[in-house]
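A.B. asks: Sharing a structure with you now.
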Amino acid sequence: QVQLVESGGGLVQAGDSLRLSCAASGGTFSNYAMGWFRQAPGKEREFVARISRSGYSTYYADSLKGRFTISRDNAKNTVYLQLNSLKPEDTALYYCAASAVTGSYKYWGQGTQVTVSS
């Protein structure tokens, strides 16, 4: 059983940056690809980014390429999401998730809130 705890969210102004962290415990972190998702009020959860087990490969939602960067530190059992040039439409609850099988995320965190004011 893998536990995931996100942190780093907050209230920021448009144009600011944030770095979200997701700390994992209870499993072998390097066995899992990791993903970030977000859900805005009244909207469905959407994919943000994914990183491979080794960290060498990354994938992004097309609309977010260039502003968001996913990374991981397997020695610290942590995955990160750097958010730059934030916009009010980035306001959402951001979740991290762990995937042992491609396309299937088995473990989820509780989320960290990001609110961007205009």
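Convert by adding 3 to the 1-based position in the sequence shown; the result is the number in the working numbering.
Don't be surprised by glycine CBs; every beta carbon is placed ideally from N, CA and C.
Quick caveat, the model's predicted, so the values are computed rather than measured.
What span of residues does the beta strand (DSSP E) with Q4 cover, start to end?
C.D. replies: Careful: Q4 lies outside any beta strand (DSSP E) and carries neither H nor E.
A.B. asks: Grouping DSSP H, G and I as helix and E and B as strand, with all else coil, what is D76?
C.D. replies: Three-state result, D76: strand.
A.B. asks: Examine the Cβ distances between the stretch 101 to 117 and the stretch 66 to 80 and report whether three or more of them are shorter than 8 Å.
C.D. replies: These segments do not touch.
A.B. asks: By the DSSP assignment, the beta strand (DSSP E) with S120 in it spans what residues?
C.D. replies: Here the beta strand (DSSP E) through S120 covers 115 to 120.
A.B. asks: Pick helix, strand or coil for E49, following the three-state DSSP scheme.
C.D. replies: Strand.
A.B. asks: Identify, in the order they occur along the chain, each residue of the same chain with its Cβ nearer than 6 Å to the Cβ of G58, setting aside the five sequence neighbours on each side.
C.D. replies: For G58, where only same-chain residues beyond five positions count, the Cβ hits under 6 Å are R75.
A.B. asks: Between the Cα of R56 and those of E9, G38, L89, R22, spot the shortest distance and give me the residue it belongs to.
C.D. replies: Taking only the C-alpha atoms, the option nearest R56 is G38.
A.B. asks: In whole angstroms, what separates the C-alpha of V5 from that of A101?
C.D. replies: Taking the straight line from one Cα to the other gives about 8 Å.
A.B. asks: Pick out whichever of S121, E92, T105 has its Cα sitting closest to the Cα of K46.
C.D. replies: The shortest Cα separation from K46 among S121, E92, T105 belongs to E92.
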